[in-house]
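*Asks:*
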Amino acid sequence: MAEFLNTPQGRKIAYHLTDGTGPAVVFLGGFKSDMGGTKAVYLEDWAQKSGRAFLRFDYSGHGESSEAFVDGSIGDWFEDACAAIGLLAGPIILVGSSMGGWISLLVAREMPERIAGLVTIAAAPDFTEDSMWADASDEQRRQLMDDGQIALPSDYGDPYIITRRLIEEGRDRLVLRAPLTLDFPVRFLQGTADEDVKMTVALRLLEHAESPDMRLTLVDGADHRFSDDTCLALITASVEEVIART
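Residue numbers (my numbering): -1 to 244.
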């Protein structure tokens, strides 16, 4: 059963915390996903078997946490992540999936002294600007500005409701427009068949970020879910490699 914390902003965040040795591993999920997803649960099982401290949580508007999804923004979810990380002492390893990759980069920029390593899975930095806004038609942009929201089709269920606040607030959180120093081991994972986050995003991130120990691994044929047995094994192997190099 999930436990809950209250953020400084008054939101109620659901989480599962596994005790163990440090550095603790923190999983940051994707847009409209929750902490019950395949990758989060798989990593928790790995952590329990290896005696590693592990944290998974739901952003506000996601899963079991409070608030409505449509009211959220990148900044809100970043604040939620910082509050959840506040449950932990000492250095941490961030594992960010899709939007969680963007959030993890924001966390690393905010508290670099806490970060011992980073693994991203189909990281989607700046996607509100470079994907949602850039790909919107003139009519969709007008509707978004006039009505405050639009609905975009999703391959994962109900349409995504995209709000004007999500787009505009996201512009204050962009990470690919200014220097991005990651002074710890970094492993980027990306599938070549990902239709949601293209390989060009991973390559741009690799070129833009600065780290003394940074690698990008491309998995031929892997899609955005990155959740088959081979991909899951690669995720844990990447986490173990980062831990070994801390």
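Here a beta-carbon is modelled for each residue, glycine too, at the ideal position from N, C-alpha and C.
Which residues mark the beginning and the end of the alpha helix (DSSP H) in which F76 is found?
*Replies:* Element bounds for F76: 72 to 83.
*Asks:* Determine the direct distance from the alpha carbon of E137 to that of I113, and round the result to whole angstroms.
*Replies:* The straight-line gap from Cα to Cα measures roughly 42 Å.
*Asks:* By Cβ distance, which residues of its chain are closer than 7 Å to N4, with the 5 residues on each side in sequence left out?
*Replies:* Excluding positions up to five away in sequence, the list reads K10.
*Asks:* Would you say the stretch 185 to 201 touches the stretch 209 to 216, given that touching needs at least three Cβ pairs under 8 Å?
*Replies:* Contact between the stretch 185 to 201 and the stretch 209 to 216 is present, because at least three Cβ pairs lie under 8 Å.
*Asks:* Need the endpoints of the alpha helix (DSSP H) that T36 sits in, please.
*Replies:* Where T36 is concerned, the enclosing alpha helix (DSSP H) stretches over 36 to 48.
*Asks:* Which word fits R223, buried or exposed, when buried means at least 16 other C-beta atoms lie within 10 angstroms of its C-beta?
*Replies:* So R223 ends up on the buried side.
*Asks:* So, A82 versus F55, is the Cβ gap smaller than 8 Å?
*Replies:* In this structure, F55 lies closer than 8 Å to A82 by Cβ.
*Asks:* Sort out for me which residues DSSP pairs I159 with in a bridge.
*Replies:* Partner(s): A149.
*Asks:* Give the single residue among D181, P89, V195, L104 whose Cα lies nearest to the Cα of S129.
*Replies:* Checked all of D181, P89, V195, L104; the closest Cα to S129 is V195.
*Asks:* Looking only at its chain, what residues have a beta carbon closer than 6 Å to the beta carbon of F52, apart from the 5 residues adjacent to it on each side?
*Replies:* Around F52: T16, V23, E42, A45.
*Asks:* Below 8 Å, how does it come out for the stretch 191 to 207 and the stretch 171 to 183: are there three or more Cβ pairs, yes or no?
*Replies:* Output reads yes: the stretch 171 to 183 touches the stretch 191 to 207.
*Asks:* Would DSSP call A7 helix, strand or coil?
*Replies:* This sequence places Gln at residue 7; Ala is not what is there. Three-state result, Q7: coil.
*Asks:* Given this structure, state the Cα-to-Cα distance separating M197 from R107, to the nearest angstrom.
*Replies:* Cα to Cα, the separation comes out at about 23 Å.
*Asks:* Sorted by chain position, which residues of the same chain lie with C-beta nearer than 7 Å to G73's C-beta, five sequence neighbours on each side aside?
*Replies:* Around G73: E167, D170, R171.
*Asks:* For R169, which of helix, strand or coil comes out of DSSP?
*Replies:* Of the three classes helix, strand and coil, the one that applies to R169 here is coil, per DSSP.
*Asks:* Would you mind working out which of S31, H14, G35, E208 sits nearest L85, comparing C-alpha positions?
*Replies:* Residue H14 is the option with its Cα nearest to L85.
*Asks:* Within 10 Å of its beta-carbon, does Y154 have 16 or more other beta-carbons around it, so buried, or fewer, so exposed?
*Replies:* So Y154 ends up on the exposed side.
*Asks:* Helix or strand or just coil, what does DSSP make of E62?
*Replies:* In this structure, E62 counts as coil in the three-state DSSP scheme.
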